[in-house]
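Asker:
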Ligand SMILES: *Cc1c(COP(=O)(O)O)cnc(C)c1O
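Residue numbers (this note's numbering): 4 to 370.
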């Protein structure tokens, strides 16, 4: 373990503020009202308020990483007669397909390659040809490539066709403004350690209350039963069914407070955008090329092609940057050799400037 800290330029866990980490220096009792009423219920209300001004929504917190909540939603929401259309243009879309397969959920996987936006006309045709499709699931920011998927277009499609709409907004919620009610999103999933800037340990779902109410007894799993978790939180004022990640929850409450202090999601979005634009411009100036067209970029994470030089090794580049205080992320795209740089978390444009200097210092293959 290195004794100096470095900035995590990754999609989570990410660099958190000192005050978020300090919030964990307290041991909570899970059945005491200080914790349940004071912290958990307030978090649940604040999450809904961040997602929409509408009163038709509720939220559920679930132990585990983000994937646990995605699996919880798919396993709890899709009934035995239902069929799910999954849009897959990256590792996280593919993970939902895998979950559906393992849980025996009837599904249609719409693969569109990793560097392409889903074609909404083709999606519309899939819906027209298969009247059994009742639900649509998509990833908002596909962290594999950094692509910002066309949420508004797919939301319109789901609404026009009367489909229940599930969005994995893991790496975007809190960093990109959206209104779940205006978009007709029925279930939105995110986790503690992404754009809200908390530490890992739980995920959460913002759900349209009348849709969640239909899901009693459907879950394919005990611990991932989103409905049962919700009933427990509703009936026992914020109580989790099983051991709650108390320290993580305290850190998250502080992270929500810091999001408010920053000026809310709109202000955070501006900071992330400034980071990402500076990153891309600076990397281009150093000779790197982003994987995606700029029109497809999210303000969250960016994939760059690996340099073509024979002597380039990601591991060497990574170590050199780490020694200068920056941790970047390997690529995850199957067809292209890439690396990724995230710019969410407690990261500011001046950190990106320092990173760009460090990248310039680390291009050993050019010398
Ligand atoms: C981070 C992330 C997840 C969840 O990953 P975990 O490792 O389970 O936390 C899911 N979807 C997207 C788009 C993500 O960025």
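Even glycine gets a Cβ: it sits at the ideal position worked out from N, Cα and C.
Keep in mind the model is a prediction, meaning the values are calculated, not measured.
(1) Comparing alpha-carbon positions, which option in 291, 59, 24, 363 lies nearest residue 210?
(2) Between the region 142 to 159 and the region 335 to 354, can you find at least three pairs of beta-carbon atoms closer than 8 Å?
(3) Hey, does residue 214 have any beta-carbon neighbour from chain D nearer than 8 Å?
(4) How is residue 213 classed by DSSP in three states: helix, strand or coil?
(5) Just the C-alpha distance for residue 103 and residue 30, rounded to the nearest angstrom, thanks.
(6) Using CA coordinates, which residue listed in 230, 93, 27, 347 is at the minimum distance from residue 339?
(7) Using only the alpha-carbon positions, how far apart do residue 191 and residue 313 sit?
(8) Using a Cβ-Cβ cutoff of less than 8 Å, which residues in the same chain neighbour residue 120 once the five nearest sequence positions on both sides are dropped?
(9) In or out: residue 39 buried (at least 16 other Cβ within 10 Å) or exposed?
(10) Might you give, ordered along the chain, the residues of its own chain that have their beta carbon closer than 7 Å to the beta carbon of residue 127, omitting 5 neighbours on each side?
(11) Thinking C-beta only, is residue 167 closer than 8 Å to residue 138?
(12) Check whether the region 100 to 115 and the region 253 to 271 touch, using three or more Cβ-Cβ pairs below 8 Å as the test.
(13) By how many angstroms is the C-alpha of residue 164 removed from the C-alpha of residue 12?
(14) Can you confirm whether the region 36 to 54 touches the region 192 to 211 when touching is taken to mean that 3 or more C-beta pairs between the two stretches lie within less than 8 Å?
(15) Starting from residue 158, trace the alpha helix (DSSP H) both ways and give me its first and last residue.
(16) Can you check whether the CB of residue 83 is closer than 8 Å to the CB of residue 303?
(17) Taking 7 Å as the cut-off, is the beta-carbon of residue 178 closer than that to any non-hydrogen atom of ligand 1?
(18) Helix or strand or just coil, what does DSSP make of residue 198?
Answerer: Quick answer:
(1) Walking along the chain shown from the start, residue 210 turns up at place 207. Answer by Cα proximity: 59.
(2) By the C-beta criterion, the region 335 to 354 is judged to be in contact with the region 142 to 159, since at least 3 inter-stretch pairs fall below 8 Å.
(3) No chain D is present in this structure, which holds just one protein chain.
(4) Looking up residue 213 in the chain shown gives position 210. DSSP places residue 213 in helix when its eight states are reduced to three.
(5) Looking up residue 103 in the chain shown gives position 100. Looking up residue 30 in the chain shown gives position 27. Cα-Cα distance, rounded: 38 Å.
(6) As a working note, residue 339 is residue 336 in the chain shown. Ranking the options by Cα distance to residue 339, first place goes to 93.
(7) For the purposes of this step, residue 191 is identified with residue 188 of the chain shown, where counting begins at 1. For the purposes of this step, residue 313 is identified with residue 310 of the chain shown, where counting begins at 1. Rounded to whole angstroms, residue 191 to residue 313 spans 44 Å at the Cα level.
(8) Residue numbering aside, residue 120 sits at position 117 when the chain shown is read from its first letter. The beta carbon of residue 120 sits closer than 8 Å to the beta carbons of 92, 150, 152, 153, 299 from its chain, once the five residues preceding and following it are set aside; these are given in chain order.
(9) Taking the first residue of the chain shown as 1, we reach residue 39 at position 36. Residue 39 is buried by the Cβ-count criterion.
(10) Residue numbering aside, residue 127 sits at position 124 when the chain shown is read from its first letter. When the five nearest sequence neighbours on each side are left out, the beta carbons in the same chain lying within less than 7 Å of the beta carbon of residue 127 are those of 160, in order along the chain.
(11) Taking the first residue of the chain shown as 1, we reach residue 138 at position 135. Taking the first residue of the chain shown as 1, we reach residue 167 at position 164. Contact: yes.
(12) The region 100 to 115 vs the region 253 to 271: no contact.
(13) Numbered from its first residue, the chain shown carries residue 12 at position 9. Numbered from its first residue, the chain shown carries residue 164 at position 161. Those two C-alpha atoms are separated by around 39 Å.
(14) Verdict: yes, contact present.
(15) By one-based count along the chain shown, residue 158 stands at place 155. From DSSP, the alpha helix (DSSP H) with residue 158 extends over 154 to 163.
(16) Residue numbering aside, residue 303 sits at position 300 when the chain shown is read from its first letter. Residue numbering aside, residue 83 sits at position 80 when the chain shown is read from its first letter. No, they are not a contact pair.
(17) Mapped onto the chain shown, residue 178 falls at position 175. No.
(18) Taking the first residue of the chain shown as 1, we reach residue 198 at position 195. Three-state result, residue 198: coil.
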